[in-house]
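Participant: In terms of the numbering used here, the sequence shown is residues 97 to 456. From the three backbone atoms N, C-alpha and C, an ideal C-beta is built for every residue, glycine too. Computed from a predicted structure; not experimentally measured.
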Amino acid sequence: MIVFFLLPLVGICYVGWRLWHLLPVAIGWKILALGVLLSGFVGMFFYLRHGLDALPRWAAVPLYESISSWPFVLLYLVLLFLCMDLLRAVGFLPREWMFHSAKGTLAVAALMVAIFTYGYFHYLHKVRVPLEITTEKGLKRPLKILLLSDLHLGYHNRRAEFSRWVDKLNAEKADLILIAGDIIDISVKPLMDEQMHEEFLRLNAPVYACLGNHEYYSGTPAAQQFYRMADITLLSDSVAEVNGLQIIGRDDRTNPHRKPLDAVCERVDPERFSILLDHQPYHLEEAERAGVDFQFSGHTHEGQVWPISWLTHLMYEKAFGGHERGKTRYYISSGMGIWGGKFRIGTQSEYVVLTLKPAK
97 MIVFFLLPLV GICYVGWRLW HLLPVAIGWK ILALGVLLSG FVGMFFYLRH GLDALPRWAA
157 VPLYESISSW PFVLLYLVLL FLCMDLLRAV GFLPREWMFH SAKGTLAVAA LMVAIFTYGY
217 FHYLHKVRVP LEITTEKGLK RPLKILLLSD LHLGYHNRRA EFSRWVDKLN AEKADLILIA
277 GDIIDISVKP LMDEQMHEEF LRLNAPVYAC LGNHEYYSGT PAAQQFYRMA DITLLSDSVA
337 EVNGLQIIGR DDRTNPHRKP LDAVCERVDP ERFSILLDHQ PYHLEEAERA GVDFQFSGHT
397 HEGQVWPISW LTHLMYEKAF GGHERGKTRY YISSGMGIWG GKFRIGTQSE YVVLTLKPAK
(Lines of atoms letter the chains of each structure in order from A; the text may use other names.)
(Lines give C-alpha, C1' and ligand atoms only; values in the text may rest on other atoms or scores of the structure.)
Protein backbone atom coordinates (compact mmCIF):
# COMPACT_ATOMS: atom_id res chain seq x y z
CA MET A 97 0.00 0.00 0.00
CA ILE A 98 2.90 2.37 0.78
CA VAL A 99 4.33 1.73 -2.70
CA PHE A 100 0.91 2.60 -4.20
CA PHE A 101 1.30 6.16 -2.83
CA LEU A 102 5.09 6.47 -2.98
CA LEU A 103 5.57 5.70 -6.69
CA PRO A 104 3.11 8.40 -7.91
CA LEU A 105 4.79 10.94 -5.61
CA VAL A 106 8.20 10.09 -7.07
CA GLY A 107 6.70 10.42 -10.57
CA ILE A 108 5.13 13.78 -9.67
CA CYS A 109 8.46 15.09 -8.36
CA TYR A 110 10.34 14.00 -11.49
CA VAL A 111 7.72 15.26 -13.98
CA GLY A 112 7.25 18.49 -12.00
CA TRP A 113 11.00 19.13 -12.01
CA ARG A 114 11.19 18.51 -15.76
CA LEU A 115 8.14 20.68 -16.52
CA TRP A 116 9.52 23.52 -14.41
CA HIS A 117 12.64 23.64 -16.58
CA LEU A 118 10.86 22.92 -19.88
CA LEU A 119 7.93 25.34 -19.95
CA PRO A 120 8.75 28.69 -21.63
CA VAL A 121 6.35 30.66 -19.41
CA ALA A 122 6.40 32.88 -16.34
CA ILE A 123 6.77 31.40 -12.86
CA GLY A 124 3.07 31.86 -12.10
CA TRP A 125 2.08 29.64 -15.00
CA LYS A 126 4.66 27.03 -13.98
CA ILE A 127 3.21 26.96 -10.47
CA LEU A 128 -0.26 26.49 -11.98
CA ALA A 129 0.99 23.56 -14.10
CA LEU A 130 2.49 21.89 -11.04
CA GLY A 131 -0.76 22.47 -9.15
CA VAL A 132 -2.72 20.70 -11.88
CA LEU A 133 -0.24 17.82 -11.76
CA LEU A 134 -0.60 17.49 -7.98
CA SER A 135 -4.39 17.86 -8.05
CA GLY A 136 -4.70 14.51 -9.86
CA PHE A 137 -3.00 12.79 -6.93
CA VAL A 138 -5.32 14.49 -4.44
CA GLY A 139 -8.32 13.67 -6.61
CA MET A 140 -7.54 9.96 -6.40
CA PHE A 141 -8.28 10.05 -2.65
CA PHE A 142 -11.62 11.74 -3.36
CA TYR A 143 -12.41 9.06 -5.95
CA LEU A 144 -11.40 6.15 -3.70
CA ARG A 145 -13.65 7.44 -0.91
CA HIS A 146 -16.70 7.35 -3.24
CA GLY A 147 -16.87 11.13 -3.20
CA LEU A 148 -18.29 11.15 -6.73
CA ASP A 149 -21.58 9.66 -5.53
CA ALA A 150 -22.36 12.90 -3.71
CA LEU A 151 -22.14 14.92 -6.94
CA PRO A 152 -24.70 15.32 -9.74
CA ARG A 153 -23.95 13.18 -12.78
CA TRP A 154 -23.00 16.15 -14.99
CA ALA A 155 -20.18 16.89 -12.56
CA ALA A 156 -19.27 13.35 -11.52
CA VAL A 157 -18.69 12.05 -15.06
CA PRO A 158 -16.00 14.55 -16.22
CA LEU A 159 -14.40 14.51 -12.77
CA TYR A 160 -14.17 10.69 -12.85
CA GLU A 161 -12.69 10.67 -16.34
CA SER A 162 -10.08 13.32 -15.54
CA ILE A 163 -9.07 11.82 -12.16
CA SER A 164 -8.89 8.25 -13.47
CA SER A 165 -6.92 9.31 -16.56
CA TRP A 166 -4.31 11.06 -14.43
CA PRO A 167 -2.22 7.94 -13.52
CA PHE A 168 -1.83 7.03 -17.19
CA VAL A 169 -0.91 10.57 -18.19
CA LEU A 170 1.66 10.70 -15.37
CA LEU A 171 3.10 7.33 -16.42
CA TYR A 172 3.63 8.42 -20.02
CA LEU A 173 5.05 11.80 -19.01
CA VAL A 174 7.60 9.95 -16.87
CA LEU A 175 8.48 7.63 -19.77
CA LEU A 176 8.69 10.51 -22.23
CA PHE A 177 10.95 12.65 -20.03
CA LEU A 178 13.17 9.65 -19.28
CA CYS A 179 13.59 9.10 -23.02
CA MET A 180 14.40 12.78 -23.52
CA ASP A 181 16.99 12.69 -20.73
CA LEU A 182 18.55 9.59 -22.25
CA LEU A 183 18.66 11.11 -25.74
CA ARG A 184 20.19 14.28 -24.35
CA ALA A 185 22.82 12.26 -22.44
CA VAL A 186 23.98 10.51 -25.62
CA GLY A 187 23.94 13.71 -27.64
CA PHE A 188 20.88 13.11 -29.84
CA LEU A 189 18.71 15.82 -28.27
CA PRO A 190 19.98 19.42 -28.03
CA ARG A 191 20.07 20.84 -24.51
CA GLU A 192 17.95 23.83 -25.56
CA TRP A 193 14.98 21.49 -26.18
CA MET A 194 14.88 20.70 -22.44
CA PHE A 195 15.07 24.17 -20.91
CA HIS A 196 12.58 26.99 -21.37
CA SER A 197 11.82 25.59 -24.80
CA ALA A 198 8.74 26.23 -26.94
CA LYS A 199 9.90 23.50 -29.34
CA GLY A 200 10.35 20.99 -26.55
CA THR A 201 6.98 21.88 -24.99
CA LEU A 202 5.16 21.50 -28.31
CA ALA A 203 6.92 18.19 -29.00
CA VAL A 204 5.91 16.76 -25.60
CA ALA A 205 2.33 18.00 -26.01
CA ALA A 206 2.03 16.61 -29.53
CA LEU A 207 3.37 13.19 -28.53
CA MET A 208 1.04 12.96 -25.53
CA VAL A 209 -1.99 13.93 -27.61
CA ALA A 210 -1.04 11.39 -30.29
CA ILE A 211 -0.50 8.57 -27.77
CA PHE A 212 -3.77 9.07 -25.93
CA THR A 213 -5.82 9.74 -29.05
CA TYR A 214 -4.64 6.39 -30.38
CA GLY A 215 -5.28 4.75 -27.00
CA TYR A 216 -8.84 6.09 -26.87
CA PHE A 217 -9.89 4.91 -30.32
CA HIS A 218 -8.11 1.60 -29.83
CA TYR A 219 -10.16 1.10 -26.67
CA LEU A 220 -13.41 1.74 -28.54
CA HIS A 221 -12.62 -1.12 -30.93
CA LYS A 222 -13.86 -4.37 -29.39
CA VAL A 223 -11.97 -7.43 -30.63
CA ARG A 224 -13.95 -10.62 -31.29
CA VAL A 225 -11.88 -13.58 -30.10
CA PRO A 226 -13.06 -16.97 -31.46
CA LEU A 227 -12.37 -20.04 -29.35
CA GLU A 228 -13.32 -23.65 -30.11
CA ILE A 229 -13.33 -26.64 -27.75
CA THR A 230 -14.37 -30.19 -28.57
CA THR A 231 -15.52 -32.44 -25.76
CA GLU A 232 -16.56 -36.06 -25.32
CA LYS A 233 -18.53 -35.24 -22.18
CA GLY A 234 -22.13 -35.83 -23.16
CA LEU A 235 -22.91 -32.65 -25.08
CA LYS A 236 -25.99 -33.10 -27.28
CA ARG A 237 -25.32 -30.26 -29.72
CA PRO A 238 -22.83 -27.49 -30.38
CA LEU A 239 -23.20 -24.45 -28.11
CA LYS A 240 -22.16 -20.87 -28.70
CA ILE A 241 -21.16 -19.17 -25.47
CA LEU A 242 -20.18 -15.52 -25.06
CA LEU A 243 -17.47 -15.01 -22.46
CA LEU A 244 -17.14 -11.50 -21.01
CA SER A 245 -15.24 -9.93 -18.16
CA ASP A 246 -14.51 -6.54 -16.67
CA LEU A 247 -17.33 -4.46 -18.13
CA HIS A 248 -16.70 -1.78 -15.47
CA LEU A 249 -20.01 -0.04 -16.06
CA GLY A 250 -20.41 3.23 -14.24
CA TYR A 251 -19.36 6.85 -14.59
CA HIS A 252 -17.24 6.24 -17.71
CA ASN A 253 -18.77 3.23 -19.46
CA ARG A 254 -22.31 4.58 -19.47
CA ARG A 255 -25.60 3.28 -20.80
CA ALA A 256 -25.30 4.59 -24.36
CA GLU A 257 -21.95 2.86 -24.79
CA PHE A 258 -23.11 -0.36 -23.13
CA SER A 259 -26.14 -0.37 -25.45
CA ARG A 260 -23.76 -0.59 -28.43
CA TRP A 261 -22.03 -3.53 -26.77
CA VAL A 262 -25.38 -5.26 -26.27
CA ASP A 263 -26.20 -4.85 -29.97
CA LYS A 264 -22.85 -6.42 -30.87
CA LEU A 265 -23.39 -9.32 -28.48
CA ASN A 266 -26.97 -9.95 -29.60
CA ALA A 267 -25.75 -10.25 -33.20
CA GLU A 268 -23.86 -13.40 -32.15
CA LYS A 269 -27.13 -15.19 -31.32
CA ALA A 270 -25.46 -17.07 -28.49
CA ASP A 271 -26.95 -19.83 -26.37
CA LEU A 272 -25.43 -18.51 -23.16
CA ILE A 273 -23.53 -15.51 -21.78
CA LEU A 274 -21.00 -15.93 -18.97
CA ILE A 275 -19.43 -12.94 -17.19
CA ALA A 276 -16.35 -13.37 -15.01
CA GLY A 277 -16.89 -10.46 -12.63
CA ASP A 278 -16.40 -6.68 -12.45
CA ILE A 279 -19.66 -5.83 -14.18
CA ILE A 280 -19.76 -2.78 -11.91
CA ASP A 281 -16.88 -0.31 -11.80
CA ILE A 282 -16.69 1.45 -8.43
CA SER A 283 -20.28 2.36 -7.53
CA VAL A 284 -23.78 1.07 -8.30
CA LYS A 285 -25.24 4.59 -8.21
CA PRO A 286 -24.55 5.58 -11.86
CA LEU A 287 -26.00 2.23 -13.03
CA MET A 288 -29.17 2.85 -11.04
CA ASP A 289 -29.39 6.46 -12.22
CA GLU A 290 -29.27 5.36 -15.86
CA GLN A 291 -31.46 2.26 -15.39
CA MET A 292 -28.59 0.21 -16.82
CA HIS A 293 -30.34 -3.04 -15.93
CA GLU A 294 -32.73 -2.46 -18.85
CA GLU A 295 -29.85 -3.01 -21.29
CA PHE A 296 -29.08 -6.39 -19.70
CA LEU A 297 -32.74 -7.32 -20.16
CA ARG A 298 -32.25 -6.78 -23.92
CA LEU A 299 -29.66 -9.55 -24.12
CA ASN A 300 -31.06 -12.48 -26.10
CA ALA A 301 -29.40 -15.23 -24.04
CA PRO A 302 -29.43 -16.12 -20.34
CA VAL A 303 -26.63 -14.49 -18.32
CA TYR A 304 -24.62 -16.11 -15.51
CA ALA A 305 -21.88 -14.30 -13.61
CA CYS A 306 -19.56 -14.44 -10.63
CA LEU A 307 -18.48 -11.56 -8.43
CA GLY A 308 -15.32 -9.54 -9.00
CA ASN A 309 -13.32 -7.37 -6.66
CA HIS A 310 -15.09 -4.24 -7.91
CA GLU A 311 -18.45 -5.64 -6.84
CA TYR A 312 -16.99 -5.68 -3.34
CA TYR A 313 -15.70 -2.10 -3.74
CA SER A 314 -19.16 -0.95 -4.82
CA GLY A 315 -20.84 -2.78 -1.95
CA THR A 316 -21.87 -6.43 -2.31
CA PRO A 317 -25.55 -6.04 -1.27
CA ALA A 318 -26.06 -3.22 -3.79
CA ALA A 319 -24.29 -5.24 -6.49
CA GLN A 320 -26.46 -8.27 -5.79
CA GLN A 321 -29.58 -6.11 -6.01
CA PHE A 322 -28.47 -4.84 -9.42
CA TYR A 323 -27.81 -8.41 -10.58
CA ARG A 324 -31.40 -9.32 -9.66
CA MET A 325 -32.80 -6.28 -11.48
CA ALA A 326 -30.72 -7.18 -14.57
CA ASP A 327 -31.85 -10.84 -14.49
CA ILE A 328 -28.27 -12.00 -14.05
CA THR A 329 -27.92 -15.33 -12.27
CA LEU A 330 -25.20 -14.85 -9.66
CA LEU A 331 -23.05 -17.88 -8.93
CA SER A 332 -21.11 -17.40 -5.71
CA ASP A 333 -19.40 -20.62 -4.66
CA SER A 334 -22.23 -22.46 -6.39
CA VAL A 335 -22.97 -24.57 -9.46
CA ALA A 336 -25.71 -24.29 -12.10
CA GLU A 337 -26.70 -26.81 -14.76
CA VAL A 338 -27.40 -25.13 -18.10
CA ASN A 339 -27.83 -26.75 -21.53
CA GLY A 340 -26.07 -29.88 -20.36
CA LEU A 341 -23.15 -27.87 -18.92
CA GLN A 342 -22.08 -27.34 -15.36
CA ILE A 343 -21.31 -23.68 -14.70
CA ILE A 344 -19.27 -23.12 -11.54
CA GLY A 345 -19.17 -19.59 -10.17
CA ARG A 346 -16.60 -18.81 -7.53
CA ASP A 347 -16.79 -15.97 -5.05
CA ASP A 348 -14.01 -13.42 -5.52
CA ARG A 349 -10.82 -13.83 -3.53
CA THR A 350 -11.54 -10.40 -1.99
CA ASN A 351 -13.74 -12.43 0.35
CA PRO A 352 -11.25 -14.27 2.62
CA HIS A 353 -14.02 -16.68 3.64
CA ARG A 354 -14.86 -18.01 0.19
CA LYS A 355 -14.99 -21.78 -0.08
CA PRO A 356 -12.06 -23.83 -1.39
CA LEU A 357 -12.62 -24.78 -5.01
CA ASP A 358 -12.51 -28.49 -4.16
CA ALA A 359 -15.48 -27.98 -1.82
CA VAL A 360 -17.42 -25.98 -4.44
CA CYS A 361 -16.87 -28.75 -6.99
CA GLU A 362 -18.07 -31.60 -4.77
CA ARG A 363 -21.43 -31.77 -6.59
CA VAL A 364 -19.89 -31.49 -10.07
CA ASP A 365 -20.34 -34.57 -12.27
CA PRO A 366 -16.96 -35.42 -13.87
CA GLU A 367 -18.80 -36.99 -16.82
CA ARG A 368 -20.26 -33.63 -17.87
CA PHE A 369 -18.39 -30.60 -19.20
CA SER A 370 -17.65 -27.96 -16.56
CA ILE A 371 -16.85 -24.25 -16.91
CA LEU A 372 -15.44 -22.31 -13.97
CA LEU A 373 -15.90 -18.55 -13.62
CA ASP A 374 -13.26 -17.16 -11.25
CA HIS A 375 -12.57 -13.45 -11.59
CA GLN A 376 -8.93 -13.33 -10.53
CA PRO A 377 -6.60 -15.86 -12.20
CA TYR A 378 -4.54 -16.83 -9.19
CA HIS A 379 -3.62 -20.44 -8.36
CA LEU A 380 -4.64 -21.96 -11.68
CA GLU A 381 -3.53 -25.34 -10.36
CA GLU A 382 -6.69 -25.44 -8.22
CA ALA A 383 -8.94 -25.85 -11.27
CA GLU A 384 -6.70 -28.59 -12.62
CA ARG A 385 -6.73 -30.38 -9.29
CA ALA A 386 -10.54 -30.11 -9.05
CA GLY A 387 -10.99 -31.63 -12.51
CA VAL A 388 -12.48 -28.50 -14.12
CA ASP A 389 -12.58 -28.68 -17.92
CA PHE A 390 -12.38 -24.96 -18.69
CA GLN A 391 -11.73 -21.86 -16.58
CA PHE A 392 -12.55 -18.33 -17.67
CA SER A 393 -11.12 -15.37 -15.76
CA GLY A 394 -10.47 -11.67 -16.19
CA HIS A 395 -9.22 -9.03 -13.74
CA THR A 396 -5.75 -8.43 -15.20
CA HIS A 397 -6.84 -6.17 -18.12
CA GLU A 398 -3.41 -7.29 -19.32
CA GLY A 399 -2.23 -4.11 -17.65
CA GLN A 400 -4.45 -1.87 -19.84
CA VAL A 401 -1.43 0.04 -21.15
CA TRP A 402 2.17 -0.79 -21.94
CA PRO A 403 4.51 -1.21 -20.05
CA ILE A 404 2.16 -2.15 -17.18
CA SER A 405 1.30 -5.17 -19.33
CA TRP A 406 4.83 -6.44 -18.72
CA LEU A 407 4.20 -6.33 -14.97
CA THR A 408 0.99 -8.36 -15.21
CA HIS A 409 2.82 -11.07 -17.14
CA LEU A 410 5.32 -11.25 -14.28
CA MET A 411 2.61 -11.32 -11.61
CA TYR A 412 0.46 -14.16 -12.97
CA GLU A 413 1.11 -17.63 -14.32
CA LYS A 414 -1.00 -16.49 -17.27
CA ALA A 415 -2.09 -12.85 -17.55
CA PHE A 416 -3.77 -12.97 -20.94
CA GLY A 417 -4.96 -15.48 -23.53
CA GLY A 418 -5.28 -19.25 -23.71
CA HIS A 419 -3.48 -21.65 -21.41
CA GLU A 420 -3.45 -25.34 -20.47
CA ARG A 421 -2.60 -27.32 -17.35
CA GLY A 422 -3.04 -31.06 -17.72
CA LYS A 423 -6.56 -31.63 -19.08
CA THR A 424 -7.81 -28.21 -17.98
CA ARG A 425 -7.98 -25.35 -20.43
CA TYR A 426 -8.05 -21.68 -19.50
CA TYR A 427 -8.72 -18.32 -21.07
CA ILE A 428 -7.70 -15.12 -19.26
CA SER A 429 -9.44 -12.13 -20.83
CA SER A 430 -8.17 -8.57 -20.97
CA GLY A 431 -11.80 -7.48 -20.58
CA MET A 432 -14.43 -5.78 -22.70
CA GLY A 433 -14.53 -2.62 -20.62
CA ILE A 434 -11.83 -0.94 -18.61
CA TRP A 435 -11.10 0.76 -15.31
CA GLY A 436 -10.37 4.47 -15.34
CA GLY A 437 -9.33 6.40 -18.43
CA LYS A 438 -10.48 4.90 -21.71
CA PHE A 439 -7.06 4.04 -23.10
CA ARG A 440 -5.73 0.77 -24.52
CA ILE A 441 -2.07 0.95 -25.47
CA GLY A 442 -0.45 -2.38 -26.29
CA THR A 443 -3.54 -4.31 -25.10
CA GLN A 444 -7.06 -4.88 -26.42
CA SER A 445 -10.69 -4.73 -25.33
CA GLU A 446 -12.32 -8.01 -26.26
CA TYR A 447 -15.13 -10.49 -25.97
CA VAL A 448 -14.66 -14.23 -26.48
CA VAL A 449 -16.97 -16.37 -28.61
CA LEU A 450 -16.60 -19.96 -27.42
CA THR A 451 -17.97 -22.71 -29.65
CA LEU A 452 -18.30 -25.89 -27.64
CA LYS A 453 -18.69 -28.94 -29.84
CA PRO A 454 -19.47 -32.59 -29.04
CA ALA A 455 -16.88 -35.04 -30.33
CA LYS A 456 -18.06 -37.01 -33.34
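Per the contact definition of three or more C-beta pairs closer than 8 Å, is the region 343-353 in contact with the region 203-213?
Facilitator: no
Participant: Tell me the residue span of the alpha helix (DSSP H) that contains Pro158.
Facilitator: Arg153 to Ala185
Participant: What residues match up with Ser370 in a beta bridge as DSSP calls it?
Facilitator: Gln342
Participant: Three or more C-beta pairs under 8 Å: does that hold for the region 396-410 against the region 349-359?
Facilitator: no
Participant: Hey, Leu239 and Asp271: beta-carbon distance below 8 Å or not?
Facilitator: yes
Participant: Measuring alpha carbon to alpha carbon, tell me which of Ala150, Pro302, Tyr426 and Asp246 ends up nearest Glu311.
Facilitator: Measuring from the Cα of Glu311, the nearest candidate turns out to be Asp246.
Participant: Give the C-beta separation of Tyr447 and Lys222 to the nearest angstrom, bearing in mind that I take them to be a contact with Cβ-Cβ under 8 Å.
Facilitator: 6 Å
Participant: Compute the Euclidean distance between the alpha carbons of Ser314 and Ile273, then round it to the nearest angstrom.
Facilitator: 23 Å
Participant: For Arg349, which residues of its own chain have a beta-carbon under 6 Å away from its beta-carbon, when the five flanking residues on both sides are left out?
Facilitator: Gln376
Participant: Thinking C-alpha only, which one of Met432, Gly442 and His117 is nearest Leu242?
Facilitator: Ranking the options by Cα distance to Leu242, first place goes to Met432.
Participant: Label Arg224 either buried or exposed according to how many other C-beta atoms from any shown protein chain fall within 10 Å of its C-beta, with 16 as the threshold for buried.
Facilitator: Per the 10 Å Cβ criterion, exposed.
Participant: Excluding the 5 residues flanking Ala336 on each side, which residues of the same chain have their C-beta closer than 7 Å to its C-beta?
Facilitator: Tyr304, Thr329 and Ile343
Participant: Please state whether the Cβ-Cβ distance between Gly136 and Leu176 is less than 8 Å.
Facilitator: no
Participant: Just verifying my parser: in three-state terms, what is the DSSP assignment at Ser445?
Facilitator: strand
Participant: Run through the DSSP bridge pairs and tell me what Phe390 is partnered with.
Facilitator: Paired residue(s): Ile371 and Arg425.
Participant: Excluding the five sequence neighbours on either side, which residues of its own chain have a C-beta within less than 8 Å of the C-beta of Lys236, listed in chain order?
Facilitator: Here the set comprises Gly340 and Pro454.
Participant: Should Cys291 go down as buried or exposed, given a rule of 16 or more other Cβ atoms within 10 Å for buried?
Facilitator: For the record, residue 291 in the displayed sequence is Gln; it is not Cys. By the neighbour-count rule (16 or more Cβ atoms within 10 Å), Gln291 is not buried but exposed.
Participant: Taking the Cβ atom as the reference point for each residue, do Phe369 and Thr230 lie within a distance shorter than 8 Å?
Facilitator: Going by C-beta atoms, Phe369 is not nearer than 8 Å to Thr230.
Participant: For the putative contact between Ala326 and Phe296, defined by C-beta atoms under 8 Å, what is the C-beta separation to the nearest angstrom?
Facilitator: 4 Å
Participant: Output needed for Asp389: all residues of its chain with C-beta closer than 6 Å, excluding positions within five of it in sequence on either side, in chain order.
Facilitator: Phe369 and Ser370
Participant: When you compare each of Asp374, Asn300, Phe258 and Leu128 to Asn309 by their alpha carbons, which one comes out closest?
Facilitator: Asp374
Participant: Any idea what DSSP makes of Thr231, helix, strand or coil?
Facilitator: strand
Participant: In angstroms, rounded to a whole number, what distance separates the CA positions of Arg425 and Tyr412?
Facilitator: 16 Å
Participant: Assuming the contact rule is C-beta atoms closer than 8 Å, Arg440 and His218 should be a hit. Round their C-beta distance to whole Å, please.
Facilitator: With 8 Å as the limit, Arg440 and His218 qualify as a contact, their Cβ atoms being about 5 Å apart.
Participant: Answer yes or no: do Phe212 and Ile280 have a C-beta to C-beta separation smaller than 8 Å?
Facilitator: no
Participant: Going by CA-CA distance only, name the one from Gly147, Ile108, Leu148 and Leu118 that's closest to Pro167.
Facilitator: Ile108
Participant: With which residues is Glu337 paired in a DSSP beta bridge?
Facilitator: Gln342
Participant: If we ignore side chains and look at the alpha-carbon of each, how far apart do Tyr160 and Ser429 end up?
Facilitator: Cα to Cα, Tyr160 sits roughly 25 Å from Ser429.
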